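Only one structure is covered here, and it is reproduced in the block below.
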Amino acid sequence: MNKSLIASAVCLVLPVVAGAKGLGQQNLEEIVVTATKSAGSLTSLSVEQARSTLEQIPGGIGFVEVTDYQNNFTQSLGDTLVYTPGVYADTSAQRENRISIRGSGLNSGFERRGISVYRDGVPITRASGITEFQEIDPLSVKYIEVFKGSNGLRYGANALGGAINIVTPTGRNSQAGSNLRLEAGSFGSSRVNVASTGRTESMDYYAALTKLDSDGFRTHSEVDSVYGFANLGFALSDSIESRFYITSLKDQFELVGSVSQEDALNKPDSAVGGSFVPAQLPFLGGPGLYTAVDDDWDRNLTVKRLANRTVVGFDRWSLEAGVWYADRALDHAITRYAGMVVQDETERGVSLRASNEAEVLDGLIWSLGASFNQAENDAKTFRNEFGERGVQSSQNYQDAENANIFGQLSYPLVESLRVVVGAQYVRSVRENEHSPLNEFDIEDDSGSLTYDEIAPRIGLLWKWSDQQQGFINLSRAYEAPGISDLTSAGVLPFDPLAIQKSTTLEIGTRGHADQWAWDLAIYRSELDDEFIDFTDGRITNTVNSSSGTVHQGAEVGLDWLPSFEALRSHGWQLAWRNIVTVNDFSFDNHSLYGNNTLAGVPEFSYLSDMSIAGENWTAGISVRYVKDGPYADYANSVQTEGYTLLGLSVAWQLNDHIRVFASGENLSDQAYVSNVATVGIATPDEQIFTPGQGRAAYAGISIDF
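Structure, rendered in C-alpha cells:
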C-alpha cells in the first residue's frame, strides 16, 4: 500500500489546521454572496436551515447550491459535485457519470452502486441498491447535501459512499415567477429549460421542463433527453405541510464504447474498433468484429415517478412520512454477447421519520426512522442484430426488497462537546426467477438471497467556537449487491455474492476564520468482500474480493477570500477555491494481487477555481490536475497518464431580468483518459479506455419574467 500518499496528505493539511479558526468551507458562499435569503418550509428547508442541520453531523459532509454551477454547461449530477472534496466523478457516456465517494462503487457499470441518492428526502436509488444518475436534472435543483460514509444515517443510508440528497426548488423557497434558459455550444449541443414557481397562502408549486440535445464529442454519442419535474405543496395548517413530486424523464443516448489507450489519446473522438464474439457462441452472431456503430449501442431510459412527503410539526418534535411509486423502462443495446437488455420495473416504497426540533432532556437531540421499498422487474434480453432485436435469449422476473430501521442520539457531554451514537438494522432481499424460453436461452440463472445486518456508529463533535468544529467517528456499514451484479444483467448464471462489509474511522475539522475557510477529513475503511468488477470486452462481471481491502484517504477543501483594497475600491471581490483529494485504495494481501492499488480512480487530484466578481458580473478560471491517472488493471501493469484541464466561465447580469453567461472546458484540448473498464491484467491495446472530452465552449442566456 502507498503509505506515502497518506503521509503527504497529513503534511499538507496540518499547517491549515494549525492556523485555521473558522466555520467551514461549505459556508464560504455566505461570506461571498449577500443575495436575498429565501425562507424554508416544513417539507423544504432553506439554505441557511440546511447548513445549520449539517453542522450537527460529526463527519464528512458537502453542500452545493445551484448558483455554484449555473454559469457552466452542467449536464449531469456528477458535474455538480466536482468541487466537493472526496467525490470523484468521471464521464463514461456524455450525461452518464460514475460517481464514487471514498472508493464506493469503484468500477460499477451503467447501474451504479455504492451511494444512496434521495430527492427531497425520498429515495431515487432503486430497491436493488442501484442508481441511475441521469434521473437528476441539474437545473431542477435548489441545493445538494452530501453525506459521506456513515454520515448518511439521517436518511437510513447504509452504502460505503454514504448519501446524496437533492433538494428541489419550491414555491416557498424560491421567488415567484418564471425563467427561460437557452444554451448552445460545441458538438451540436443545445439545451432549453423553462421553469415556473408560484404560491398562495396555502398552496405553492414549482414546475420545470428541460430539453437537451447533443451530437457528442465522439462518433455515435448523440444525446436526446427530455426531463420534466414538478412539485405541488399544500400548507394544511401552520404545523402540517404535504408536498407531491412528479417526474417524467425520457433519456436517450448512444454508446460509443471503449478504445485502446493509444486511440484514446490520439483519436479520442473515434468509436470502439470492434468486439470479438467467440465461435462457440454462434447463437449470438458467430465470430467476427461488430462495432458500436454497427450494432447501434445505446441506452434509452424512461421514468415516471410520483412521490409524496408530509411533515407534521408538534410542540417539540416533528413526524414526516414519505410514499413513492416509480415505473422505469429500459432499452439498452450493447455487445453481441450481452445482447439487448429490455426491462420494465415498478417500484413502491414508504418511509417514516420522527425527530425533535429543539433540544430536550438537557440537550438531547434524537431521530428515529424506518423505510421499506420493493421492486418487481420484468427483465428480458434479445440478440443484438445490427441494432435490431433478434431472438429473445432470456426471460427473468426479478424482485428486490429493502427494510431499514434506524435511529440516532446526540447528547452534550459538556457545552462544547457532543457524543453522537446511532445504529440501523437492514434487511435486503434479492430474487431472480428464470423462465426457460428456447434453444437460444442462456443457462438457468435463478436464485434468491436474503441479507440481515446491524450497523452501529459512534462519534464526537467538538465545537470550540461558533465558527470552528472538529469531529471523529467510528462506524460499520453493509451493502447488498444489486441484481445486475448477481446475474451480470441476465447474461451469466446467478452468483450468490456476499454482502460487502466495512468499518470506517474518520477524523476531521471544518471552519472559517478571517479570509480563510476549510473542510478537512482523513479516513480509513477496512472492507471485507468488497465488490470487484472485471470486464472482458463483452460484459462486466462482479465478484467479492477474496481478501480484505483498504480504502483510506484525505479530503481537503481550502478557500481564500482576500480583502485587497485595490479591488474593494472598485466593488470587486476575489475568491479562490482549492480541493485536494487523496485516494489510497488497495488489496490487503490478496493471493494474486498482493497489496496492489485498486484500479479505477486516480490516487491524487487537485482542483482550483479562482473567480472575481463585480456588482453585476463575474469571471473565473479553473484547473483540474490529476498527477497520474488510474490503474486499468488489478495487477497494476497499465496506468493511464495524468492530465491538466483548464476551464473558464463568465457571466453578466444585464438588468433585473436578463443574465448572459459562457464557459469553456478543456481549453488546451488536452487528450486524456476519463474512465477505464477494469480487468485483471491489462495491455495498452485492450479496448477498455474511455477518452475525455476535448475543447468545448458554451454560451447561454437566462431570462426572468
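Going letter by letter, the sequence shown gives residues -20 to -1, 1 to 685 in mature numbering (1 follows the signal peptide of the UniProt record, and there is no 0). Don't be surprised by glycine CBs; every beta carbon is placed ideally from N, CA and C. Bear in mind that the values here come from a model prediction, so they are computed numbers and not experimental data.
Nonlocal neighbours in the same chain, by C-beta distance under 6 Å from residue i, ignoring five residues either side
i	result
Ile37	Asn131
Arg333	Glu300, Gly349
Gln633	Asn596, Arg639
Asn382	Ala107, Asn353, Ser408
Arg308	Val283, Glu325
Ser602	Asp589, Gly627
Tyr605	Tyr586, Thr624
Phe214	Met183, Ser222
Ile314	Trp277
Ala679	Ala642
Leu310	Leu281, Gln323
Leu119	Asn173, Thr190
Val273	His200, Ala251
Counted within 10 angstroms of its Cβ, other Cβ atoms place residue i as buried (16 or more) or exposed
i	result
Ser238	buried
His492	buried
His550	exposed
His531	buried
Thr111	buried
Tyr186	buried
Lys607	exposed
Met320	buried
Phe366	exposed
residue 689	Outside the shown range of the chain, which is -20 to 685, sits residue 689, and nothing can be said about it.
Ala137	buried
Asp48	buried
Arg557	buried
Gly343	exposed
Leu500	buried
Asp465	buried
Distance between residue j and residue i (C-alpha atoms, nearest Å)
i	j	result
Asn77	Glu91	10 Å
Gly387	Ser335	9 Å
Asp117	Gln155	20 Å
Asp446	Ser26	20 Å
Ser505	Ser482	6 Å
Gln6	Glu327	With a pLDDT of only 43 at Gln6, under the threshold of 50, the placement of this residue in the model should not be trusted, and no figure is reported.
Asn521	Gly66	26 Å
Phe669	Phe224	42 Å
Asn376	Asp475	15 Å
Ala579	Glu486	23 Å
Gly293	Leu389	19 Å
Ala593	Trp552	5 Å
Leu86	Phe565	10 Å
Phe43	Gly600	20 Å
Ile345	Ile559	32 Å
Ile81	Ile95	8 Å
Ser526	Ser84	18 Å
Thr60	Tyr123	10 Å
Val406	Ile479	11 Å
Tyr63	Val562	14 Å
Identity of the residue in the options nearest residue i by Cα
i	options	result
Asp204	Ser170, Gly574, Ala215	Ser170
Thr71	Ala187, Gly680, Tyr652	Tyr652
Thr302	Arg410, Leu538, Gly580, Val330	For the record, residue 302 in the displayed sequence is Gly; it is not Thr. Nearest of Arg410, Leu538, Gly580, Val330 to Gly302, Cα basis: Val330.
Asp425	Ala435, Asn412, Arg437	Asn412
Asn646	Leu140, Arg675, Thr658	Arg675
Asp295	Asp218, Gly660, Arg316	Asp218
Glu666	Gln673, Ala137, Ala657	Ala657
Asn569	Ala579, Asp358, Thr529, Leu541	Thr529
Glu45	Val172, Asp379, Ala497, Val126	Val126
Glu583	Ala593, Ser571, Tyr611, Thr598	Tyr611
Glu356	Arg410, Leu500, Leu587, Ser373	Arg410
Gln404	Val371, Ser428, Ser351, Ala359	Ser351
Asn655	His312, Leu245, Leu547	Leu245
Val232	Leu61, Ala546, Arg279	Going by the sequence as given, residue 232 is Gln instead of Val. The option with the nearest alpha carbon to Gln232 is Arg279.
Leu235	Thr271, Tyr503, Val401, Ser228	Thr271
Tyr135	Gln241, Asp195, Asn384	Asn384
Beta-carbon proximity list for residue i, same chain, < 8 Å, skipping 5 on both sides
i	result
Phe113	Ser56, Leu57, Gly58, Glu76, Asn77, Ile79, Arg92, Val97
Gln449	Leu3, Gly4, Glu35, Leu441, Trp442, Lys443, Thr489, Arg490, Gly491
Ile11	A caution first: Ile11 carries a pLDDT of 40, below 50, which makes its placement in the model too unreliable to give a value.
Spatial neighbours of residue i in its chain, beta-carbon cut-off 7 Å, leaving aside the 5 residues before and after
i	result
Tyr573	Phe567, Tyr614, Ala615
Gly660	Phe514, Asp613, Tyr614, Ala615
residue 693	The shown model of the chain, from -20 to 685, leaves out residue 693, and the question about it has no answer.
Is there contact here, the segment 452 to 464 with the segment 48 to 57, by at least three beta-carbon pairs under 8 Å?
no
Any 3 or more C-beta pairs closer than 8 Å across the segment 138 to 152 and the segment 190 to 204
no
Under 8 Å: do the segment 427 to 445 and the segment 164 to 180 share three or more Cβ pairs, one atom per stretch?
no
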